[in-house]
Structures are given as structure tokens and as C-alpha cells.
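In this note's numbering, the protein residues as written are 91 to 466. Idealized CB from N, CA, C, for every residue including glycine. Structure record follows, encoded as C-alpha cells.
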Amino acid sequence: MTEAMQQGGSYMYRTIRSPAVPAAAAALTVAIFSVDALTSLDVAIAVLYVAVVLMSVWIWPRRGVIGVMLFCMALTLLAFVLSHDVLRDDAALARCLVSLAAIAITGFLAVKGQDATQALLQREEALNQARNQLAHASRVSTLGEMTATIAHEVNQPLAAILTHGQAGLRWLDRDQPELGEVRRAVDAMQQNARRASEVIQRIRGMARQSAPSMVPLAPAALVQESCDLLRRELHRLRVKLKLELAADLPLVMADKVQLQQVVINLVMNAAQAMSEAMTVAPTIEVRCTLVPAGEAQEGAAMIQVEVADNGPGLSQEHMERIFSAFFTTKKEGMGMGLAICRSILEAHHGSIRAGNRVPQGAVMRVLLPPVTGGAS
């Protein structure tokens, strides 16, 4: 097949096939010309050149297809001149004209098809870029809402480093320095420095605007890491978080930052909804499980991430519109979070569903296809 490649802002076609395709096209061209020029069959043999024109679509870009079309038309005329009486054989002339018309029409439609494919690829690329930019803006907005959490997450290990450093100095200042205690203090400082570095790396990863990187990921670990980022914020909102993460789940092929964004968005939405509704003992339960093929609507086994709360739940009207862009139930909100989540999951060949739970609360279910044969 041809593959659209973006070069300098314009789309170019690049061949990605084996040499067998152009070789077959050349052999077919020689065979058609030989039969057409060296035999006197009362058949429009040259019509078969349309197959060569169609094969050229898989080999060359627009100009190449036009060149092949003109070349086939020239061969048709040459074969007619060599094998027929140009002035007397009206039937052969009619067959020649029919063949020329068929080749020209096929070439025209082939070029139009290439143009349409190129335009579609350009629109898809523009849509993907817009989606990635919107997702990045949403991540930055989420980070802005989590400023207090981020400051705390970084400040905690820094404060621990200071404390252990001071303790180490006190052990060294003794008449008989306790080198064992000093070593333990230094080890603790290293651990907290790594912890601070990991927090900063996670924040940088969410804030960075880069092309999606699809790699095999352990879904339970991704959910755990995403929720760890939110613990301080959930504590501030007085929301209890429960995690139920199944062991040995298959891997998923995904972009880590984008899936973290989905999990963080769903958990924060639930927490903020319960906070606005002043829910008593607000609780969020996050589960990560494998749905067997027999139970999944998709007909195949799926990884399911479920975010459930005990808040006010969703009305039927909200349920129908909740994934629409610019629809929000928050007092202050753009209404883009869930729309972006759905867009991200569709790009991962997954889906998201909203519902209510008994006796109260809302539940969001994210479904992702597992990597065949992969395990966390």
C-alpha cells in the first residue's frame, strides 16, 4: 500500500511494498501489448491496461499514475497501427477508441481517488493535532487546579531531606560520631531525593506537549500512579479513596500520559461533584479488572477501569449529554474534560460509559483492549 508521509507541511506518497508489484505491472503491460500488437483477435485486449493503471496507484503518486495512463494509451495506439489497417478496419478502430476511453476514465478516477485519500489524511492529521493540543491544555488546566497538591508532594520529601541532614550532622558532631546512624540518614536523604525527582518527572510528563507514544503498559500500575498524584487533593476535599486493582492483568497498548489524564479527570470529577453536593462521607472506589470475553459487550476480553462514587449520581438528561463538548454540571467548568477522555479512549480503540450505582452515586467505566499475550 501507499503511505502518506508529511514532509514540510505537505503530504507526499512513499512506497512501502516489495518490488513484486511494479514487476507484475511491467510484466502485465508487456503481455497485453504483445497480444494486442501481434494477434488479430476481434477483442478489445487493450482494455486490460486499466489493470495496469490501477496497479500504478499502489506504486506511484499522482504524476506517476497520469504517466502510466498516457503510456498505456500510447501503447494502445501503437498496437492498433501495427496490427490493423488504420483506414479500413472500422471495428478495430472502435475497439481502440473504447480501450482509450476506458484507460482515460480509469486514470481520471484513480487520480481523483488519490486526491480524496490525501485530503482525508490531511484532515485526520489536523484532527489528531487539534485533539492532542486540546488534551494538553486540559492537562495543564488540571495541574493548575492541583497546585496545592503538587507543592505538598514536592515539599514533603524536601522537608524530609532537611530533617535527615540535620540529624546526620548531629550524629557527626558527637564526641564519638555514630557513623551507622549517619549512613541511615544519608540513605533516607537519597530516598527522599528520588521521591521528589519522581514527583517532578510525573508533573513534567503531564505538562509536556508531545506526540502520543504507544507502548505496552501495566494498567493497574498506571491507575495506582495516577491516584497517588491525587491523594493530597482528595484529602483536602475530605474524600476517601479505595483502590481494588487486580493482579496479573494483561498489558494495554497506550500512551501513558494520556491514560493518566483520563484516570485523573474521572477521579477529580467525582471528587468535585461530591464536594459541590456536600455528600456525607464522600468515597471514591477505583477498580481495575479484566472483563472476560463472554461478559464484554465488545465480544472480546477487555481491561476495565471503574471509577465509582457515592455522590448524587447522574440524571437521565445529563447521562445523554455528559460526553458532549462544552457540557458541564459544575458551577465553574469548561465542559471539555469528559469529551477529551472519550476522544483519547477512542484513539486507543477503547470506550467510556457512564451510569448510576445502587443505592446512590455515579460510575464511569473505561474499557481498553489488552495486548494479546501480555501480562503485568
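Unbroken beta strand (DSSP E) stretches of 3 residues or longer found wholly inside the segment 301–367: 304–307, 330–335 and 342–345, given in chain order. If you look at Leu458, you'll find it isn't in any alpha helix (DSSP H); it sits in the beta strand (DSSP E) that goes Ala452 to Leu458. Exclusion of the five residues before and after Ile156 leaves Gly197 and Val201 as the residues of its chain whose Cβ lies within less than 7 Å of its Cβ. For Thr373, the pairing in a beta bridge is given by DSSP as Lys330.
In the three-state reduction of the DSSP assignment, Ser414 falls in the coil class. Per the Cβ contact rule, the segment 107–121 is in contact with the segment 137–147 (3 or more Cβ pairs under 8 Å). Using a C-beta cut-off of 8 Å, the segment 323–343 makes contact with the segment 368–385, since at least three inter-stretch Cβ pairs fall below that distance. The C-alpha of Leu262 is placed about 15 Å away from the C-alpha of Asp277.
Rounded to the nearest whole angstrom, the CA to CA distance from Ser189 to Ala344 is 51 Å. At the C-beta level, Leu165 and Phe123 come within 8 Å of one another.
In this chain, the beta strand (DSSP E) harbouring Ile393 covers Met392 to Asp399.
Taken atom to atom, the span from the alpha-carbon of Ala194 to that of Leu217 is near 35 Å. Exclusion of the five residues before and after Ser173 leaves Ala127 as the residues of its chain whose Cβ lies within less than 6 Å of its Cβ.
Residue pairing by DSSP places Thr379 opposite Gln394 in a beta bridge. Shown here for Gly403: same chain residues with a beta carbon closer than 8 Å to its own, the five before and five after excluded, namely Asn446, Arg447, Gln450, Gly451 and Ala452 in chain order. Between Leu187 and Pro109, the alpha-carbon positions lie close to 32 Å from each other. Note that the C-beta distance between Val329 and Met364 is below 8 Å.
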